[in-house]
Amino acid sequence: MTAVIGLAIALAISPPSPRGGTIVGDLGTGAFTLSDLRIESRPDQGDAIRGWLCRRRPAPAIRQLSVLARSGDGEPIWSGVVAAPRFDPGRARQCRALRIDLPPDIASNTAQWTLRQR
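Residues 1 to 118 in the working numbering are what the sequence shown spells out, letter by letter.
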């Protein structure tokens with residue numbers, strides 16, 4: 001009985017298994033970083049890539065991010081362009097929440113996501 005309760009508690013507090021494959025961020029600059037990227041699924045809002053875009057030092061703004069979804073074979077199955085979060089001019093060490101809404105049924109078929117500065 002104790003083992004069953006322990007297992008139930010462990011499952012309840014363990015993080016959910018990753019959905020939608022790995023996420024690769026290549027911004028081409030050391031001034032900006034992507035962190036804690038994950039696929040999040042909510043029944044009322046659909047699938048989204050969520051995480052943080054951080055500016056480590058003053059640099060020109062990133063205005064757009066391109067997003068590419070690839071299947072397990074490496075074939076592109078979806079791409080899009082999204083607006084990047086805004087930062088205060090001339091400031092460093094700031095992070096902004098990143099949320100990229102995804103079309104239905106794309107996340108479950110994707111093996112790799114690539115985010116790039118556009």
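Heads up, the beta-carbon is just placed ideally off N, CA and C, and yes, glycines get one too.
Checking the DSSP bridge columns, you'll see T33 partnered with C54. Contact between the region 105-112 and the region 52-61 is absent, with fewer than three C-beta pairs closer than 8 Å. Per DSSP, S66 is one residue of the beta strand (DSSP E) stretching across 64-70.
Shortest Cα-Cα distance from A59 to any of I49, R91, V82, A69 involves R91. Per DSSP, reduced to three states, the secondary structure at A97 is strand. By the 16-neighbour rule on beta-carbons within 10 angstroms, V67 is buried.
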